[in-house]
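Per the UniProt record's numbering, the very first residue in the sequence shown carries number 1; after that it's consecutive.
In this text, a Cβ means the ideal position worked out from N, Cα and C, and glycines have one as well.
No experiment lies behind these values; they were computed from the predicted model shown.
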Amino acid sequence: MLHWRPQLSIRLTLLLAVLVAVLAPLVIWLSLQQRMFRTTFEPLVVESRKAQLYLAVAALADPLWSLDAAEISRVLDRTAEASSVQSLRLVETRPTDDSRALTHQRERTFGPDEAAFSGAPVCLQAPVLREGQTLGELQVCFVRDQLERAFTSRRIELFKLAALQAAIAALLLMAVLYHRLIRPLDRLKEQATRIAMRGDEGTVDWRRQDEIGELGEHLNDVHRQLHTLFGQIERQQKALEKLALHDHLTGLPNRLLFRELAQSACAQALREGYLMAMLFIDLDRFKVVNDTLGHSAGDALLKIVARRLTGAVRASDIVCRHSGDEFIVLLQDAGTVEQLVQAVERIQYEVARPIELDGREARVYASIGIALLPDDAREPDELIRHADLAMYEAKKAGRDRHGFYRAELNQRVQAQMAVERELREALARDEFELHYQPQIGATRGELLGCEALIRWRHPVRGLVGPLHFIPAAEQAGLIGEIGAWVVRAACAQIAQWKADGLAFGCVAVNLSAHEFRDRGLVDIVREAMREHGVRPDEFEIEITETVLMTEQASLSIVADLQGLGIHIAVDDFGTGYSSLAYLKRLRPRTIKIDRSFLKDLPDDEDDRVVVEAIVGIAHALHIDVVAEGVETEAQRDYLREAGCHILQGYLIARPADAQQYARWLADRPPDIVSA
């Protein structure tokens, strides 16, 4: 099939269209003007000729009557001078004495331009009358093309005016079309070129005359490309939606999708009145597997656990990976409590089966917290939170346990949150203070130093001991700020006692194991000692055995503190995971026997064995031993005989604030105060 394509470019086509659009109406307008001019002025020309004839006849009546030849000649000359008169002829008809009629003629001589319009004249004649008597006959011949000459002159003027108007209109129209059509068309061509080249360098050949047709072909190609692109975008969008709503590792619904599904499930359970259970699952020993076999093995384990969880529940139930090694299972229509417990135990059994990873057998267990709808909550978020609380409570009892949510768990959390809020306010209002308990030599009773003990001066509850707020501070992430405050306050007090001339020995500060995860601790201690002029032998840091058993980074911080010359003491020795290897490596200056081994001394044989063993190890490693919690003279005497170096407890003095402790120092006999 043949397709006709124009041979003119769009620009030339527009130019011709503009010319036709402007000239065609102009030609029609000129034609109509000529016709109207002729129709209007032809009768006027005829009447004008008659008027000229009759005026001449009237002017000749008197001269002919009086035979005034000169006047007759003047009238005839004046009439012949009119531009429309070609010639005239006067014949006197009144007989004269010689009985011969007189004839007067006038003939006009035309110039070169006027001669071009000459032709057969139009002649009119009329008698010259006076008192009813005919005196002569006047014939006037007028130029025939007089009207044509007027038409020609007018046509020339109109053409000039029309040509000027046409030029202005064409220019304006071309300017408008260029800006509104040609330039947008060029931009479309540029865009079509870029799309056709798909970002590659080069140009598209636009030399064909049918630019719009070619542009249409390019736009069709663009449409096909966009259709393909939209298809790709739609597929990518579905993939992104899956990524956004599913866990990338296990393929299980993530928290966002789970929440939507749980909302619908909760609404249906409330509407139909059946029991629904929310299970919060945490994998026990997953960190051990992850650290031992590597993260890739940990990921493989999570995939296997996800498949086992999905296989252990019904198709109507929902399994979600919450985060890390935590999963959530929503059991719809859980039946009776007995049936629910069976389902939970089935899940625990499936999770606890051995898993082979890289040729090695691994085991993990599931600690599960259970919250019920509608008994415990009616919204998914609240159910998850309650199940999470129940899981932590079950985890405290050991691994592979499950437990149901109880209202007192939430009350406990609320109370803890209230304590955390009050702790933040206490830091802002500077409500903490340090109390000091002395440490003396077991043999001579000389003052060796003291331990700084933090207290909270609560505006309502009064003086609060550390056991009531330190765990909450550790869980809230405030222990670092509190520890930094303790270090600065103790250094400031040391500076004050030195300024007052008091002999105080060495001040020990107890820091939490959580603080040894932050390398900024070393900078805090160094800066506080520098600011207050504290010597290393005047400051001691007590750590728990938990710090010794943590990762290498914490041990590195301990080593850095020892590098500052600061003495390290191991507090509550014997209650944690005591490690002789770490004692040998770090060589603390002192270890403190926990008060739990002292309270039944010297009567309890087991306590005596433990204390003597600790003292023996310390002596072998050249480490001083501090017995804290000494309350009776019998305890003091036994510890002195057992080889303890330092004593601390109520028998010596109770903890006191800075002013009270300063008075206690001042009241001590000089002979038992160390130099």
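Can you say whether residue i is buried or exposed, counting buried as having 16 or more other CB atoms within 10 angstroms of its CB?
| i | result |
| --- | --- |
| D282 | buried |
| T443 | exposed |
| V176 | exposed |
| Y349 | exposed |
| W456 | buried |
| S99 | Below a pLDDT of 50, predicted positions are generally treated as unreliable, and S99, at 46, falls in that range; no measurement from the model is reported. |
| R224 | exposed |
| A167 | exposed |
| A362 | buried |
| Q133 | exposed |
| E234 | exposed |
| T40 | exposed |
| S554 | buried |
| Q86 | buried |
Please look up how many angstroms separate the CB atoms of residue i and residue j, rounded, as I've assumed it's under 8 angstroms.
| i | j | result |
| --- | --- | --- |
| S512 | I470 | 7 angstroms |
| V625 | I593 | 6 angstroms |
| F597 | I557 | Their Cβ separation, rounded to whole angstroms, is 28 angstroms, which puts F597 and I557 out of contact at 8 angstroms. |
| residue 714 | V46 | An answer regarding residue 714 cannot be provided, because it is not within the stretch 1 to 675 covered by the chain. |
| I591 | A569 | 7 angstroms |
| A490 | L423 | With a Cβ gap of about 19 angstroms, A490 and L423 do not count as contacting. |
| R488 | A528 | 5 angstroms |
| D571 | I617 | The Cβ separation is near 16 angstroms, so there is no contact. |
What's the C-alpha gap between residue i and residue j?
| i | j | result |
| --- | --- | --- |
| R285 | R640 | 44 angstroms |
| V654 | R668 | Reading the sequence as shown, one finds Arg at residue 654 and not Val. Distance between the alpha carbons of R654 and R668 is about 14 angstroms. |
| D62 | Q52 | 17 angstroms |
| I182 | A21 | 18 angstroms |
| M278 | V313 | 13 angstroms |
| A315 | V329 | 12 angstroms |
| A267 | A377 | 12 angstroms |
| D97 | A80 | Low confidence applies to D97: its pLDDT is 49, below 50, so where it sits in the model is not reliable, and the reading given next is rough at best. Each residue's alpha carbon lies about 29 angstroms from the other. |
| R526 | W485 | 14 angstroms |
| L44 | L67 | 34 angstroms |
| S164 | I156 | One detail in the question is off: residue 164 reads as Leu in this sequence, not Ser. When rounded, the distance between both Cα atoms is 12 angstroms. |
| I479 | E431 | 15 angstroms |
| V610 | P602 | 12 angstroms |
| A662 | G501 | 10 angstroms |
| G565 | V630 | 29 angstroms |
| E379 | F327 | 18 angstroms |
| T310 | K584 | 50 angstroms |
| V91 | R49 | 19 angstroms |
| D299 | H246 | 16 angstroms |
| T103 | A56 | 16 angstroms |
| A642 | R385 | 52 angstroms |
| D388 | E345 | 18 angstroms |
| V673 | A473 | Because the pLDDT of V673 is 42, which lies under 50, any placement of that residue in the model is unreliable, and the number read from its coordinates should be weighed accordingly. In a straight line, the C-alpha of V673 is about 37 angstroms away from that of A473. |
| A297 | D400 | 21 angstroms |
| L171 | R106 | 55 angstroms |
Identify the continuous alpha helix (DSSP H) that holds residue i and give its terminal residues.
| i | result |
| --- | --- |
| V313 | From DSSP, V313 is part of no alpha helix (DSSP H); its letter is neither H nor E. |
| E531 | 520-532 |
| F258 | 255-272 |
| Q437 | No alpha helix (DSSP H) contains Q437, which is instead part of the beta strand (DSSP E) from 432-441. |
| H386 | 380-396 |
| E641 | 633-642 |
| I368 | Looking at the DSSP string, I368 is not in any alpha helix (DSSP H); the run it does join, the beta strand (DSSP E), is 365-373. |
| G483 | 479-500 |
| Q86 | First-last for Q86: 85-92, but that is the beta strand (DSSP E), not the alpha helix (DSSP H). |
Provide the residue span of the beta strand (DSSP E) that contains residue i, from first to last.
| i | result |
| --- | --- |
| I617 | Careful: I617 lies outside any beta strand (DSSP E), inside the alpha helix (DSSP H) at 605-620. |
| E131 | Where E131 is concerned, there is no enclosing beta strand (DSSP E), given that its DSSP letter is neither H nor E. |
| T292 | Unbroken run through T292 is the alpha helix (DSSP H), 286-293; no beta strand (DSSP E). |
| L102 | Neither: L102 is in no beta strand (DSSP E) and is coded neither H nor E. |
| H248 | Careful: H248 lies outside any beta strand (DSSP E) and carries neither H nor E. |
| E361 | 360-362 |
| G449 | 447-458 |
| D325 | No beta strand (DSSP E) holds D325; DSSP gives it neither H nor E. |
| K592 | 590-593 |
| L76 | L76 -> not in any beta strand (DSSP E); alpha helix (DSSP H) instead, spanning 69-80. |
| I355 | 355-357 |
- Quick check: the region 434-454 against the region 497-517, are there 3 or more CB pairs under 8 angstroms? yes
- Item | Sufficient close CB pairs (3 or more, under 8 angstroms) joining the region 312-327 to the region 393-404 | no
- Task: Take every Cβ of the region 327-338, pair it with every Cβ of the region 286-295, and state whether three or more of those distances are shorter than 8 angstroms.
- Result: no
- Does the region 345-365 touch the region 297-310, meaning 3 or more C-beta pairs lie closer than 8 angstroms? yes
- Do three or more CB pairs link the region 367-374 to the region 247-254 at distances below 8 angstroms? no
- Inspect the CB distances between the region 129-146 and the region 75-84 and report whether three or more fall short of 8 angstroms. yes
- Decide if the region 398-408 is in contact with the region 429-445; the criterion is three or more beta carbon pairs, one per stretch, under 8 angstroms apart. no
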